[in-house]
Each structure stands twice: as C-alpha cells, then as structure tokens.
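Undergrad:
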Amino acid sequence: MIGRILDDFAVVNANRDLERGGFGHKRGDKIYLHPIEALYLQLKGRVKFAELEEVLNWVQRKVEGFPEIYFVYEDLRNRGNKLKIDGRFLISKRVFLPISEREKISFEKIIEFLSKFGNLILSVVDEESEVTYYSVKQPEMEGEQREDIPKIRGIFLKDRVLTENLEIFRKYFYGSEVGNFVALSLFESLYLFEKGRLEVEKAEEMLRIAKEGEFEKRYRVYRDLKQRNFVVKTGFKFGSDFRLYRKVESVEDLPHSEFLVSIVEKEITARDLAKSVRLANSVRKKLILAWNENYFLFEWVRV
732 MIGRILDDFA VVNANRDLER GGFGHKRGDK IYLHPIEALY LQLKGRVKFA ELEEVLNWVQ
792 RKVEGFPEIY FVYEDLRNRG NKLKIDGRFL ISKRVFLPIS EREKISFEKI IEFLSKFGNL
852 ILSVVDEESE VTYYSVKQPE MEGEQREDIP KIRGIFLKDR VLTENLEIFR KYFYGSEVGN
912 FVALSLFESL YLFEKGRLEV EKAEEMLRIA KEGEFEKRYR VYRDLKQRNF VVKTGFKFGS
972 DFRLYRKVES VEDLPHSEFL VSIVEKEITA RDLAKSVRLA NSVRKKLILA WNENYFLFEW
1032 VRV
C-alpha cells in the first residue's frame, strides 16, 4: 500500500484492516495518520510513504518525545493494544507517558497528569530501547493503628531518649528494647513529647535539634504518617527514610511492613526511580515517594 506525507499527518486510502486496528482518523475515503502511526506501518511493511530516511526525518521534526514515544508505541502495539496519540501520551484503557531513562520526572506534572487522566503509567525507555512500565497513583494513605499511650518519662542522650517504660516498645512498637530500657529515636521522642505523652529533661535541646533543616523536613513527613494512623519505623536498612506498618498489636506477633517511604525533591530521574522500585520489590514492599505533603505509589506493572 502506498501513502503520502502531508505537513502534520500522513494519508492513505481507507482500508478495513487499518480501521479495525484502530489506526488514524477516517475522513471520507481517506485515513489520516499521526507520524508515529505512519512510521510504525512503514517499518512493519504495511504502507510505504517515502524512503525510510525521509520518513524518520519528518517524524523527528513533528513529534515531541521521539524516539521514546515510538518505542513505547511499537511495544504496546506488539502486545495487542489499540492506541490513540495525544501529544506525548499514548491512550488505551490506560494512559502511558513515554520517557527516556535519562529524563527527570516532575511530581508537579504527575499531579497534573493524574488530575487530567485519572491514571498514569510511566513508560521508561532504556539505552537499549527496551521499555519498563511503572504505574503511579496517589493513594489515600490511611493506617489502622490506634494508640492509648500512658505518660512516660525519659532521659535525653544526644539524639535519642531512653525510657524504662518497656510497654512503649512491646505494645506500641516505639523504639527498640535495650536491656531494661527502650531507646526512642528523635522522631519518636519529639512526636510523643508534642502529644504530651513524654516528659524528658533537656527538652529544649531536643527541640533545638528538631528545628534543623533536614530533620525538620523528615519529621513533618513522620508526624503526618503517624497522624494517618501508621506505625512508622526507620527505613535505613532498606535505603529509605521510613517503613510503614498499618497496624501492630504486639512485637511478639509483628506483621510484615507494607511500604517503604522515601522523601524526595520536586524531581527524580527515571533511573533513580527504577532503582527504588526494584529495591522495594526485592524486600516485598511497595514504594511510596513523599513530596510536598503528597504521596505517590510507584509499582512495576505488566501491560
């Protein structure tokens, strides 16, 4: 089949196979094709629009996000998906955003895209032109922990608090048990102090540390997660800021933590995202990225 390249589209005579395949837009006896569709059909040997070099140069001029958008389009088509192209997005039952592994992902943009489409799958094209897919959502983030903590006393030691109240660990999973004491982290100590559940000497020193920039940013997330009824523990050994349990009734019957939470800046590279998702998956947890009072759940998905 022979087609023609126009300015922004390519055109072929109407054809039932192309119509059934969901290619282009039919007008009269013609089908008008997006440049990506035209390139796909030419590379598959179904339509010839011009010499391949001419077609490639035309597509490169006309399509933002080329060649990544093409590699994702071809991969999804080869998997049986019918697709429409809307700017940089590929639309089927789900919405796909093709990006390069070198690109940075803006969380402001993700919020905008989720608001517009309701769902989003980041489609990352690596340097070997293979595609990996990550769904992104803004989950409700609500735990099930209910706490009726008695008032306790503690001793401040540089960056943590020691208390003789063992119940705070054994029942509520605060801190870690060390001999006949429980060592509370600075996050836990400050939270309990603010709730009026902890009396501690040198409280002014603890409050001074809490005003330091990096700690304060992380503490805001910790406090918000506690207010959302999660049990929040350090995620250090998993390479994240926190790990989350929905509910803990006793450390003797400790459930599996469900989420890893990492606090991020306004952008993240696709490569760093891939590393974080892979790490979370390797320890059977889900990845949550926290930015500017928003939470984003990223998961590797099959399409």
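All residue numbers for the sequence shown refer to our numbering, where the first residue is 732 and numbers rise by one.
Yeah, the Cβ is synthetic: ideal placement off N, Cα and C, and Gly gets one too.
1. Please say whether V790 and P829 have beta carbons closer to each other than 8 Å?
2. Report the residue ranges of all alpha helix (DSSP H) runs contained in full by the stretch 832-884; include only those spanning at least 4 residues, in chain order.
3. What residue from N1023, R808 and E1024 has the CA that sits closest to I822's CA?
4. Would you mind listing the beta strand (DSSP E) stretches within the stretch 961-1012 that are 3+ residues and don't spill past its ends, in chain order?
5. Is the Cβ-Cβ distance between I886 and N896 less than 8 Å?
6. Since F820 is in the beta strand (DSSP E), which residue starts that stretch and which ends it?
7. Given I836, which residues of its chain have a CB within under 8 Å of its CB, disregarding the five upstream and five downstream residues?
8. Whose C-beta lies closer than 7 Å to the C-beta of T894 among residues of the same chain, with five residues either side of it excluded?
9. Taking only the alpha-carbon atoms, compute the straight-line gap between V992 and R810 and give it to the nearest angstrom.
10. Determine the direct distance from the alpha carbon of Y976 to that of K889, and round the result to whole angstroms.
11. Below 8 Å between beta carbons: does that hold for V862 and V803?
12. How many angstroms separate the CA atom of E832 from the CA atom of Y864?
13. Give the secondary structure of E925 by DSSP, where H, G and I count as helix, E and B as strand, and everything else as coil.
TA: Taking the structure as given:
1. no
2. Fully enclosed alpha helix (DSSP H) runs of 4 or longer: 838-848.
3. R808
4. 962-965, 973-976, 990-994 and 998-1000
5. no
6. Note, F820: beta strand (DSSP E), F820 to I822.
7. The answer, listed in chain order, is I830, L853, E998, I999, T1000, A1001 and L1004.
8. I883, R884, G885, F912, V913 and L915
9. 33 Å
10. 27 Å
11. Their beta carbons are under 8 Å apart, which means V862 touches V803 by this criterion.
12. 12 Å
13. The answer is helix: DSSP assigns E925 an H, G or I state.
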